[in-house]
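Student: Below you will find the structure I want to go over with you.
Numbering (the working numbering), first residue to last: 320 to 556.
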């Protein structure tokens with residue numbers, strides 16, 4: 320029997336979620352809380368397999384997700400986000416037609432959607448508007464150790480959630496950091512070479528070393544992994 324803590328402010332939504340869980344085989348709610356301050360005490364007292372967390376709670380208490388992931392590693396986290404996956408800021412970045420670029424506004428949008436929760440080691444996100452069967456499927460995926468989110472988010476972040484590169488930040492040189500920042504601005508190798516006054520082959524060499532250090536396979540993954548490690552912050556022009 321898998322035990323869950325439900326942390327949602329709305330009584331109506333909480334009752335609906337609890338009813339769906341209690342009707343499902345192998346799942347049991349051990350505690351309900353309605354405010355951010357009660358989440359950590361509830362998890363500490365019951366040590367559940369999963370906590371379903373309202374996204375607004377982490378906005379009210381910025382360290383909540385990080386503390387849960389650090390202090391209760393055996394408890395998976397599923398975040399109820401207040402936007403549909405079609406509205407997710409990550410989709411705009413991944414599927415954008417323009418050259419890949421991250422402005423400070425884009426980073427703020429990413430940090431206000433499911434990307435924040437996933438980077439903070441939540442195992443999944445589910446829209447509040449999802450039907451009960453999708454919610455339960457997401458719960459079971461997370462309990463099985465899988466990521467549950469929008470399909471493009473799953474593909475993009477799956478490598479990072481399997482333990483790859485999470486223990487420490489690799490040593491990045493100042494020149495490599497400059498290359499990463501220019502890649503995050505959407506610049507190609509030739510443009511980076513002109514900007515830094517170095518040969519294009521030297522840019523390629525830096526890029527290959529950085530991708531190996533961060534264990535990524537393409538420029539998009541490189542930029543997102545650099546953001547996860549707080550290596551870059553690209554402001555708009």
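Cβ atoms here follow ideal geometry from the backbone N, Cα and C, with glycine treated the same way.
#1: Could you check how far apart the C-beta atoms of residue 394 and residue 360 are, in whole angstroms? I think they sit under 8 Å.
#2: What first and last residue would you give for the alpha helix (DSSP H) that runs through residue 361?
#3: Is residue 399 helix, strand or coil by DSSP?
#4: Do you know how far the Cα of residue 524 is from the Cα of residue 540?
#5: Around the Cβ of residue 467, are there at least 16 other Cβ atoms within 10 angstroms (buried) or fewer (exposed)?
#6: Using 8 Å as the Cβ pair cut-off and three pairs as the minimum, do the segment 445-457 and the segment 337-350 touch?
#7: Determine, using beta carbons only, whether residue 447 and residue 401 come nearer to each other than 8 Å.
#8: May I ask you to report which of helix, strand or coil DSSP gives residue 389?
#9: Following the continuous beta strand (DSSP E) through residue 445, name the residue where it begins and the one where it ends.
#10: Looking only at its chain, what residues have a beta carbon closer than 7 Å to the beta carbon of residue 598, apart from the 5 residues adjacent to it on each side?
#11: Roughly how many angstroms separate the alpha carbons of residue 333 and residue 542, rounded to a whole number?
#12: Hey, quick one: how far does the alpha helix (DSSP H) through residue 337 stretch, first residue to last?
Tutor: On the basis of the supplied data:
#1: Stepping through the chain shown from its first residue, residue 394 is reached at position 75. Stepping through the chain shown from its first residue, residue 360 is reached at position 41. So it is not a contact: roughly 13 Å between Cβ atoms.
#2: Numbered from 1 along the chain shown, position 42 holds the residue referred to as residue 361. Residue 361 -> alpha helix (DSSP H) spans 358-365.
#3: The sequence position of residue 399 within the chain shown is 80, counting from 1. In this structure, residue 399 counts as strand in the three-state DSSP scheme.
#4: Residue numbering aside, residue 540 sits at position 221 when the chain shown is read from its first letter. Residue numbering aside, residue 524 sits at position 205 when the chain shown is read from its first letter. The C-alpha of residue 540 lies about 17 Å from the C-alpha of residue 524.
#5: Here residue 467 is taken as the residue at index 148 of the chain shown, counted from 1. By the Cβ-count criterion, residue 467 is buried, with 16 or more other Cβ atoms from all chains shown falling within 10 Å of its own Cβ.
#6: Contact between the segment 445-457 and the segment 337-350 is present, with at least three C-beta pairs closer than 8 Å.
#7: To locate residue 447, count along the chain shown from 1; it is residue 128. To locate residue 401, count along the chain shown from 1; it is residue 82. The answer is yes: Cβ separation under 8 Å.
#8: Residue mapping note: residue 389 aligns to position 70 of the chain shown, counting from 1. DSSP, read as helix, strand or coil, puts residue 389 in helix.
#9: Working through the chain shown from its first residue, we reach residue 445 at position 126. Element bounds for residue 445: 443-446.
#10: Residue 598 is absent from the structure shown; the chain starts at 320 and stops at 556.
#11: Counted from its first residue, the chain shown places residue 333 at position 14. Counted from its first residue, the chain shown places residue 542 at position 223. If I take the Cα positions, the gap works out to 37 Å.
#12: Reading the chain shown from its first residue, position 18 is the one you call residue 337. That run of the alpha helix (DSSP H) goes 330-341.
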